[in-house]
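Residue numbers (this note's numbering), protein chains in the order written: chain A, 7 to 251; chain B, 1055 to 1607. Built from N, CA and C at the ideal position, the CB exists for glycine as well. Beneath this line is the structure, given in structure tokens, with notes to follow.
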């Protein structure tokens, strides 16, 4: 009997303690230190928990890479751990003090750079007015001159036959990375779709088709893969084709 | 005998050479030069000034601190302003209660105050107290080493006459022809009343900094200013193991910042782009939930050696001058139209279109609904996803994480008028008549290194509700970045007015180019010596001054 009473008192005590600490702020005090004091401002976002079965296929980058984020007000956050979430067009960052992945508030971000092993990848937020639903999107910026060469990375779900994934679950879709190319005029904020073909470029200049073709020939541009597309932008810009068009 | 003379001559030459070398070194390192509009004033006056920035690192600080200190380097007042195109201008009020004596105006960057060995240019300011008469002596500063040399004046000031009558028009030609314009960085032409005491003992001074505390080492203020303070446990007055200080702005309830105090309890915040006078609210919370006490600390620029003082006997002529100046200032206040210096309005452009807690899930305006008496009813009726429970005299709040369909385990981050609150009882008594609007976020948010399990922000119609109910909140009024003010020195309307004129500053003009020109200004009713001067700094950071005295009889 005494034992039961003791247990009951203990339980009541525990409940009371819980109710007393209930209003106490639930800060992770271990994560908070003097290195949390960034005077210029704090990075804000929403914690993002990735379901185990989708692993990292939602992202453009396989793992978190070092990078910088430039905010709309000019504040530059350096040396963050970044990944581009290509499934939802969001910038994901890793808070190493809290050990949490979070999606940086897109409205506050202006640009970001991801430092890959093979080089820097620059992204810029631009408003794409696609029909009725205009929205801000992150584009990889491949060339920045009078016209910008932008790439939109998107992870899409594609229908397949039924298969069993690595977790043993039945699925009928696969995730695939799709790239969409654009020519962007920063002055007028207008977009033009581009394909990775010479024809697509030539069609941008209906009045100078010959000159453009000649320019490409002289510079030995035939493949029109991403590298050649960047080169095409550069030579077109240098030749002054973007000034009048 | 000849040998002794030679030794003396050599010693004198060496000391002169050493002084020149030292002066060049000092001038080379000074980053800011201050040019006040007057060299003496009466307590209660406002002194205007220009600050020339002789510093090339554009990417760094653009915020200039100007402070008024006494001869023992005690801080009297300070102002902060933004510099543009290597120039800043502003004003500082000389407190009415300031005793008669010599004070210093100095300009510096925040980074200089936290570093040792920075050279600071100071200008003396003789202040005469309005109510302190019969002064026999005055302590004047003595520069230990002659820290600067004024370049041989090549600028000629040619007044039309050398003697003028009160209220007459003065015309003077400023001839820059012998000066190479490339060598000039900043020029100020001014005409002010002066006296022998100011001319003899005042002017330019130089001091060397010591690091101040609290400070943020290696931080450059760009478009904002750092404020620092200390947080201690209320009972023991010892720093808490770990304390978190939140800063909110009364004028901008969407603003929040935090700082983790160091082991000694010091904390700092950087407030960007805030102008005018604002009110900040500080709230501290410690890991062990102790009662905390917060104090803001304004550290003056600490200098290595305080100037030596020399007690100067004031003769009857100087005494008369001081009395006349003080009476003039008093009469000027009587006759001049009422001029109130209202605190400048708070201005701060929002940094982002989004509050720090992100896009709210819902914004509720209780005025759109029927009246509810307390927050429990409001939560139940108007706030879907907010669970308010009152049990055993304890109130708990939980927000529903819609993405997962479950309630957060922890209390949400609660704000009343933008100030964090950790006591739900403060919310309990709030009814719909008190609340302007409620915003809440049902996502797991991150703000720097702090995780918010949802955010509940309540904005009240009464802005000071919280201050009257939370004893551990510190509310402080602050002068942030000084707003631009224009002042007309050479106002021709003054001279035609049928009222006494007691001005002591007659003309002031800042020149960017050293082009020769003619200046014209009207004298006041005050008789005495008027100094017309051209002062500035050269491109390589050396001060020059050229002046001419005219008599007003």
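| Asked | Found |
| --- | --- |
| Between the segment 28–52 of chain A and chain B, which residues of the former have CB atoms less than 9 Å from a CB of the latter, in chain order? | 28, 29, 30, 31, 32, 33, 34, 35, 37, 38, 39, 40, 41, 42, 43, 44, 45, 46, 47, 48, 49, 50, 51, 52 |
| Answer yes or no: does any C-beta atom of chain A fall closer than 7 Å to that of residue 1201 of chain B? | In this predicted model, residue 1201 of chain B has a pLDDT of only 46, less than 50, meaning its place in the structure is not dependable; the value taken from the coordinates is given anyway. Cβ-Cβ to chain A under 7 Å: no for residue 1201 of chain B. |
| Would residue 1122 of chain B pass as a contact of residue 1146 of chain B if the rule is Cβ separation under 7 Å? | yes |
| If you draw a straight line from the C-alpha of residue 181 of chain A to the C-alpha of residue 50 of chain A, how long is it? | 29 Å |
| For the ligand NAD, is there a heavy atom less than 6 Å away from the beta-carbon of residue 1381 of chain B? | The ligand NAD is not part of the structure shown, which contains no ligands of any sort. |
| Nearest chain A C-beta to residue 1405 of chain B closer than 7 Å, yes or no? | yes |
| If I follow the unbroken alpha helix (DSSP H) through residue 216 of chain A, where does it start and stop? | 215–224 |
| So is residue 1202 of chain B buried or exposed if we call it buried at 16+ other beta carbons inside 10 Å? | The pLDDT assigned to residue 1202 of chain B is 49, lower than 50, so where the model puts this residue is not dependable; a value taken from the coordinates is nonetheless given after this. Burial call: buried. |
| Could you check where the beta strand (DSSP E) with residue 1260 of chain B kicks off and where it finishes? | 1258–1264 |
| Can you tell me which of A:40, A:46, A:104 puts its alpha carbon nearest to the alpha carbon of residue 1506 of chain B? | A:104 |
| Kindly indicate if chain A contains any beta-carbon less than 7 Å away from that of residue 1504 of chain B. | yes |
| Quick one, which residues of the segment 91–109 of chain A are near chain B if we go by CB-CB under 7 Å, in chain order? | 101, 103, 104, 106, 108 |
| So is residue 113 of chain A in contact with chain B if we call contact Cβ pairs under 7 Å? | yes |
| Confirm, please, whether the CB-CB distance from residue 1212 of chain B to residue 1230 of chain B is below 7 Å. | no |
| At the level of alpha carbons, what is the spacing between residue 95 of chain A and residue 1109 of chain B? | 43 Å |
| Using a Cβ cut-off of 7 Å, pull out every chain B residue sitting near residue 74 of chain A, in sequence order please. | Under the 7 Å cutoff, chain B gives no residues; its nearest Cβ is about 16 Å from residue 74 of chain A. |
| Does residue 242 of chain A come out as helix, strand or coil in the three-state DSSP assignment? | helix |
| Assign residue 1286 of chain B to buried or exposed, taking buried as 16 or more other Cβ atoms, counted over all protein chains shown, within 10 Å of its Cβ. | buried |
| Quick check on residue 1255 of chain B: does DSSP put it in helix, strand or coil? | helix |
| Could you tell me which residues DSSP puts in a beta bridge with residue 229 of chain A? | DSSP, once it has assigned bridges, lists no residue as partnering residue 229 of chain A. |
| Counting only Cβ pairs nearer than 8 Å, list the residues of chain A close to residue 1500 of chain B. | 49, 50, 51, 52, 53, 101, 104, 106, 108 |
| Looking at chain A, which residues of the segment 1241–1271 of chain B have a Cβ within less than 8 Å of any of its Cβ atoms? | 1270 |
| For the segment 1285–1298 of chain B, which residues have a CB atom closer than 7 Å to at least one CB atom of chain A, in sequence order? | 1296, 1298 |
| In whole angstroms, what separates the C-alpha of residue 1603 of chain B from that of residue 1157 of chain B? | 24 Å |
| Which residue wins for smallest C-alpha separation from residue 1258 of chain B, given the options B:1606, B:1594, B:1590, B:1607? | B:1590 |
| Under 8 Å, CB to CB, which of the residues in the segment 1141–1164 of chain B have a partner in chain A? | none |
| Between the segment 1333–1353 of chain B and chain A, which residues of the former have CB atoms less than 8 Å from a CB of the latter, in chain order? | 1339, 1341, 1343 |
| Mind checking if residue 142 of chain A is an interface residue toward chain B, Cβ cutoff 7 Å exclusive? | no |
| If I measure Cβ to Cβ from residue 28 of chain A and keep anything under 7 Å in the same chain, skipping five residues before and after, which residues do I get? | In this predicted model, residue 28 of chain A has a pLDDT of only 42, less than 50, meaning its place in the structure is not dependable; the value taken from the coordinates is given anyway. No residues qualify anywhere along the chain. |
| Mapping DSSP to helix, strand and coil, what is residue 1379 of chain B? | helix |
| In chain order, what residues of the same chain have a beta carbon less than 7 Å from the beta carbon of residue 1126 of chain B, not counting five sequence neighbours either side? | 1360 |
| So, helix, strand or coil for residue 204 of chain A, using DSSP? | helix |
| Are residue 1577 of chain B and residue 1530 of chain B touching if we call contact CB-CB under 7 Å? | no |
| Any Cβ of chain A within less than 7 Å of the Cβ of residue 1080 of chain B? | Reliability fails at residue 1080 of chain B, whose pLDDT of 44 lies under 50, so the model's placement of it is uncertain and the value that follows must be treated cautiously. So no, residue 1080 of chain B is outside the interface. |
| Verify whether the separation of the beta carbon atoms of residue 1188 of chain B and residue 1375 of chain B is less than 7 Å. | no |
| Note down, in chain order, every chain A residue with its Cβ under 9 Å from the Cβ of residue 1322 of chain B. | 43, 45 |
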